[in-house]
Amino acid sequence: MSNFVTLSAIGAPEPDFSSLPKNFSVYEKEMKNLLKKQLDDVLVSKPDLVVFPECANRYQPSDRVGLKEYYAYLKDSIVEFLKPIAIENNTNIAYSAVRYTGSDEKKPYRNSTIYIDRNGEICGIYDKNHLVIEENTQSDVKYGTEAKLVELDFGKAASAICFDLNFDELLEKYKPQNPDLIVFCSMYHGGLMRQAQWAYTCRSFFVGAICDKPCYILNPYGNIVAASTNYTKHISAKINLDYVLCHLDYNREKLAAAKKKYKDAIEIYDPGFVGSVMLSSNVDSVKAKDVIAEFEIENLDAYLDRARAHRLENL
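Numbering-wise (my numbering), the sequence shown opens with residue 1392 and increments by one.
See the structure below:
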């Protein structure tokens, strides 16, 4: 059955607080106002998930010592500020920021993406696994160690923050968990090649919220669904999470027969040059996986696994 989801990503630049009094309570108030304005830009699209960029609570000009004191001052105040907004707008929010835990005397900070659900509850927290070295040595941020999917009401999300995107070992932890969506919060773009690699490797949609750089929503082939511009620092787009990737070998006639029967109830997306297509269901009466079962269409990974097994048997 169709699973249409609207995603929004915010790519606003860090605010300049140089003209404000050097007072954390003033900074906090101004930051909340700015985050609310950024949310207002995308909430008109009625998103199911809004994604903020990395360090969404950081300001300029800043220094490491001042920021650590500021984060300790904030504690959970911005998360608490966002909770009623999530409830009022019936949306999930992925808020990415450095948080003060106070639980570790030497390394009390975490670079985290905090997921707030439609009920205003925290439904998941991802701590950045692969820090830039100075985050740990100078900013006292502790390395994250877990790579668990976050269960949202529409699907399962894998998380990555900035420098994480460079490390295949994190990607390989996510791949067998079969995420529906990769949520990337960042100051660093990573390049379309790297973003697309994560999407295709996990067979997942990808949403990237990147500070003052283009934000993208990609499909599981790494093709662009939506992109922000130099004029508009946010994006919103609808995707369909009821999909299956199917290799074209042995399946062309079966796919044609499925399309003949179901017509516009299904969509078969061909990205070209990769030998496979994405079959999606556009209606509630049928699931994509049921369509491929009905027509005995082999999905992409099943075919590749069969080819691997045949190779091993015949070496």
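Beta carbons are placed, not taken as given, at the ideal position from N, Cα and C, and that holds for glycine. Owing to the predicted nature of the structure, the values given are computational and were not obtained by experimental measurement.
Is the distance from the Cβ of residue i to the Cβ of residue j below 8 Å?
i	j	result
Leu1691	Leu1636	yes
Val1532	Val1489	yes
Glu1445	Cys1576	yes
Leu1632	Phe1596	yes
Lys1769	Tyr1491	With the chain covering 1392 to 1706 only, the question about residue 1769 has no answer from this structure.
Val1417	Leu1411	yes
Ala1587	Gly1613	yes
Trp1589	Leu1562	yes
Cys1629	Phe1443	Looking at the sequence itself, residue 1629 is Lys, so the reference to Cys does not match. Not a contact, by the Cβ cut-off of 8 Å.
Pro1611	Tyr1591	yes
Arg1449	Glu1405	yes
Go through its chain and collect everything with a Cβ distance to residue i's Cβ below 7 Å, but skip five positions before and after it.
i	result
Ile1683	Val1635, Cys1637, Leu1670 and Asn1690
Ser1550	Thr1504, Tyr1517, Val1541 and Val1574
Lys1474	Ile1507 and Gly1511
Val1433	Ser1399, Ile1401, Val1441, His1625 and Ser1627
Tyr1534	Asn1520, Leu1522 and Asn1527
Pro1499	Tyr1491, Thr1492, Gly1493 and Asp1531
Gly1663	none
For residue i, which residues from the same chain have a beta carbon less than 8 Å from its beta carbon, with the 5 sequence-adjacent residues on both sides left out?
i	result
Cys1514	Asn1483, Tyr1506, Ile1507, Asp1508, Val1541, Glu1542 and Leu1543
Phe1558	Asn1520 and His1521
Ala1679	Asp1633, Tyr1634, Val1635, Ile1657, Leu1670, Ser1671 and Ser1672
Glu1644	none
Would DSSP call residue i helix, strand or coil?
i	result
Ala1763	Since the first residue of the chain shown is 1392 and the last is 1706, residue 1763 is not available in this structure.
Leu1706	coil
Ser1468	helix
Lys1651	helix
Arg1490	strand
Gly1613	coil
Arg1455	helix
Asn1481	coil
Arg1509	coil
Arg1594	coil
Tyr1461	helix
Leu1522	coil
Thr1623	coil
For residue i, which residues from the same chain have a beta carbon less than 6 Å from its beta carbon, with the 5 sequence-adjacent residues on both sides left out?
i	result
Ala1403	Gln1429 and Lys1624
Asn1480	Leu1434
Cys1553	Glu1445, Ser1577, Met1578 and Tyr1579
Is any non-hydrogen atom of the ligand SAM found closer than 7 Å to the C-beta of residue i, if you look at the structure I gave you?
i	result
Ile1505	As for the ligand SAM, it is missing from this structure, which has no ligand bound.
| Would the segment 1645-1664 and the segment 1597-1607 be scored as touching if the rule is three or more Cβ pairs under 8 Å? | no
| task | Return the chain-ordered ranges of every alpha helix (DSSP H) run that is complete within the segment 1539-1585 and spans a minimum of 4 residues. | result | 1559-1565
| field | Runs of alpha helix (DSSP H) wholly within the segment 1651-1692 (minimum 4 residues, chain order) | value | 1679-1685
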